[in-house]
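Trainee:
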Amino acid sequence: MSRIPATFATLAAQGRKALIPFITAGDPDPDATLPLMRALVAGGADIIELGVPFSDPMADGPTIQRASERALAHGMSLRRVLALVGEFRRENATTPVVLMGYANPVEAYGVEAFARDAQAAGVDGVLVVDYPPEECAGFAAAMKQAQIDPIFLLAPTSTEQRYGEVAQIGSGYIYYVSLKGVTGSGSLDLDEVARRIPLIRDKVGMPVGVGFGIRDGATAARIAAVADAVVIGSRIIEEIDSGDAMTAPQRVTAFLSGIRAAMDGVTS
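FYI, this note's numbering numbers position 132 of the sequence shown as 121, with every residue one higher than the one before it.
1. Count the other CB atoms within 10 Å of the CB of Ala131; is the residue buried (16 or more) or exposed (fewer)?
2. Alpha carbon to alpha carbon, how far is Val171 from Ala72?
3. Could you round the C-beta distance between Ala209 and Ala21 to whole angstroms and report it? I think they count as a contact, below 8 Å.
4. In angstroms, rounded to a whole number, what distance separates the CA positions of Asp180 and Val166?
5. Going by beta carbon distance, what residues of the same chain come within less than 7 Å of Glu76, once the five residues before and after it are set aside?
6. Which residue marks the beginning of the alpha helix (DSSP H) containing Pro85, and which one marks its end?
7. For Gln54, count neighbouring C-beta atoms within 10 Å of its own C-beta (all shown protein chains included) and say buried if the count is 16 or more, exposed if not.
8. Would you identify the three-state DSSP class for Phe77, choosing helix, strand or coil?
9. Please report the straight-line C-alpha distance between Ala(-2) and Leu8, rounded to a whole angstrom.
10. Check the DSSP bridge columns for Phe141 and list the partner residues they point to.
11. Out of Gln239, Ala234 and Gly247, point me to the one whose CA is closest to Pro19's CA.
12. Look up Gly254 in the DSSP assignment and say whether it is helix, strand or coil.
13. At what residues does the alpha helix (DSSP H) containing Thr52 begin and finish?
14. Indicate the three-state DSSP secondary structure (helix, strand or coil) for Phe201 in the structure shown.
15. Determine the burial state of Leu245: buried for a count of at least 16 other Cβ atoms within 10 Å of its Cβ, exposed for fewer.
16. Which residue's Cα is closest to the Cα of Gln134: Tyr120, Thr148, Phe103 and Tyr152?
17. Quick one: grab the DSSP three-state call for Gly90.
18. Find the nearest neighbour of Val118 within the set Tyr164, Ala1, Val86 and Arg(-8), judged by alpha-carbon distance.
19. Return the chain-ordered list of same chain residues with a C-beta closer than 8 Å to the C-beta of Gly198, the five sequence neighbours on each side being excluded.
20. On the DSSP letters alone, give me the boundaries of the beta strand (DSSP E) that Glu38 sits inside.
21. Let's see if you can read the secondary structure: which residues bound the alpha helix (DSSP H) around Ala214?
22. For Leu29 and Ser(-9), what's the separation of their Cα atoms in angstroms?
23. Taking just the CA atoms, how far does Thr83 sit from Gly111?
24. Pull up the distance between the alpha-carbon of Gly173 and that of Met47, whole angstroms please.
25. Mapping the DSSP letters down to three states, classify Thr172 as helix, strand or coil.
26. Whole angstroms are fine: how far does the CA of Ile203 sit from the CA of Ala250?
27. From Asp35, Val87 and Pro42, pick the residue whose C-alpha is nearest to that of Glu58; which is it?
28. Under the rule that 16 or more other beta-carbon atoms within 10 Å means buried, what is Leu25, buried or exposed?
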């Protein structure tokens, strides 16, 4: 069993919602990833989504695309991402780490080898954007055998049939894409999100996190009022990219702390 169910159970007992920040492994360079992961934890992260760089990240907007390009230029690979998770795990045994990426690197690595090495590194979940549930029962089974949660996306266009398909093979949590478009784009229809989440939760029987387009504490707090988790990615990448790389961890911690406070209803 991964660390993810216990994390959600603890938060539920506290009446709190999960904060799940995303960064791209290897951006702005490989040496920055561990300090940034520590900064996310210091800022209040409950689960870390670590992006696996890919040359054609079709679900990602320009901000995360550029992060992937920078990481790939530094030689970042899936194998090196797993090594970074292993290093993080030696100092942090509790914070779940979810790898988020695309099928090509996993297929090139080999599903069985990836499951084995990801488990050894301390990975808790894997979200492969372009693995539709009807085509990856074997992948999901291999992940579960390795005590890793296969996490799936649902979108505003997803049908109730799709909810059921995801419920059958997914675990850990569901990532609900809150808008039609790529990461970092568009504006949220918060009323539509509030309408959708209870329907999804009833069908899938697991926590539902919401991401894409969340950029500030006020929006995060409104999402946290209806969802089980708030996922923030592009806005954090922008914070990393906004100044000197040496001070990026401090900026990330400060930004995420504000999001955490807003989600917890803390006022200054």
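Glycine included, every Cβ here is placed at the ideal spot set by N, Cα and C.
None of these values were measured; they are calculated from a predicted model.
Mentor: Working from what's here:
1. Answer is buried; the Cβ neighbour count reaches 16.
2. Bear in mind that a pLDDT of 45 at Val171, under 50, signals an unreliable position, so the model cannot answer this.
3. The Cβ separation is near 24 Å, so there is no contact.
4. Distance between the alpha carbons of Asp180 and Val166 is about 14 Å.
5. Excluding residues within five positions, the ones whose Cβ falls inside 7 Å are Leu23.
6. Segment: none, Pro85 is in no alpha helix (DSSP H) and carries neither H nor E.
7. Taking all protein chains in view, the Cβ of Gln54 is crowded by 16 or more other Cβ atoms within 10 Å, so the residue is classified as buried.
8. When secondary structure is reduced to three states using DSSP, Phe77 falls in the helix class.
9. Each residue's alpha carbon lies about 14 Å from the other.
10. Phe141 is bridged by DSSP to Ile163.
11. When only C-alpha atoms are compared, the closest one is Ala234.
12. It is coil, neither helix nor strand.
13. From DSSP, the alpha helix (DSSP H) with Thr52 extends over Pro51 to Ala62.
14. Three-state DSSP puts Phe201 in coil, outside helix and strand.
15. Buried is the call here.
16. Looking at the Cα atoms, Phe103 is the closest of the given residues.
17. DSSP places Gly90 in strand when its eight states are reduced to three.
18. Its Cα nearest to that of Val118, the residue Tyr164 stands out among Tyr164, Ala1, Val86 and Arg(-8).
19. Apart from the 5 residues on each side of it in sequence, Gly198 sits with its Cβ closer than 8 Å to the Cβ of Ala7, Ile9, Tyr162, Ile163, Tyr164, Tyr165, Ala216, Asp217, Ala218, Val219 and Val220 in its chain, given in chain order.
20. For Glu38, the uninterrupted beta strand (DSSP E) run begins and ends at Ile37 to Gly40, by DSSP.
21. Under the DSSP assignment, Ala214 falls outside any alpha helix (DSSP H); it carries neither an H nor an E label.
22. Taking the straight line joining both Cα atoms gives about 20 Å.
23. Each residue's Cα considered, the two are about 10 Å apart.
24. Note that Gly173 scores a pLDDT of 43, beneath 50, so its modelled location is shaky and nothing firm can be said.
25. Residue confidence is low: Thr172 scores 46 on pLDDT, short of 50, so the model does not pin down where it sits. No coordinate-derived value is stated.
26. Ala250 and Ile203 have their C-alpha atoms some 15 Å from each other.
27. Closest in alpha carbon position to Glu58, among Asp35, Val87 and Pro42, is Pro42.
28. That one is buried.
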